[in-house]
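In this text, residue positions in the sequence shown follow our numbering: the first is 147, and each later residue adds one. Ideal placement from N, C-alpha and C gives every residue a C-beta, glycine not left out.
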Amino acid sequence: MSVSSDAITRIHQITAELEKAREEVSGSLATPACDGGAKDIERSRLEDLHRRVTGALSALHGEARDY
Numbered sequence: 147m148s149v150s151s152d153a154i155t156r157i158h159q160i161t162a163e164l165e166k167a168r169e170e171v172s173g174s175l176a177t178p179a180c181d182g183g184a185k186d187i188e189r190s191r192l193e194d195l196h197r198r199v200t201g202a203l204s205a206l207h208g209e210a211r212d213y
């Protein structure tokens, strides 16, 4: 395989892993414990993590489109 083909394959693998992680964080944010029982700082950290993972996914999707 060529270097670019290997890179695209890896981008798709990383994207799939990040999508799974984002789903897990979304699930954590949707739990009743996070709705009212979680400390504000914990919820804030989860929301920040979700935002960062979403941003990374957006960038990776852009890279994949460029190829």
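Skipping 5 residues on each side, what residues in its chain have a beta carbon closer than 8 Å to that of E209? Result list for E209: I157, in chain order.
What do you reckon, are the CB atoms on L164 and L206 nearer than 9 Å? Yes, the pair counts as a contact, with Cβ atoms nearer than the cut-off.
Using the three-state DSSP reduction, which class does T200 fall into: helix, strand or coil? Here DSSP, grouped into helix, strand and coil, assigns T200 to helix.
Exposure of V149, with buried meaning 16 or more beta-carbon neighbours within 10 Å: Exposed, since its Cβ has fewer than 16 Cβ neighbours within 10 Å.
T200: which of Q159, R211, I154 and A167 sits nearest, CA to CA? With distances taken between CA atoms, T200 lies nearest to A167 out of Q159, R211, I154 and A167.
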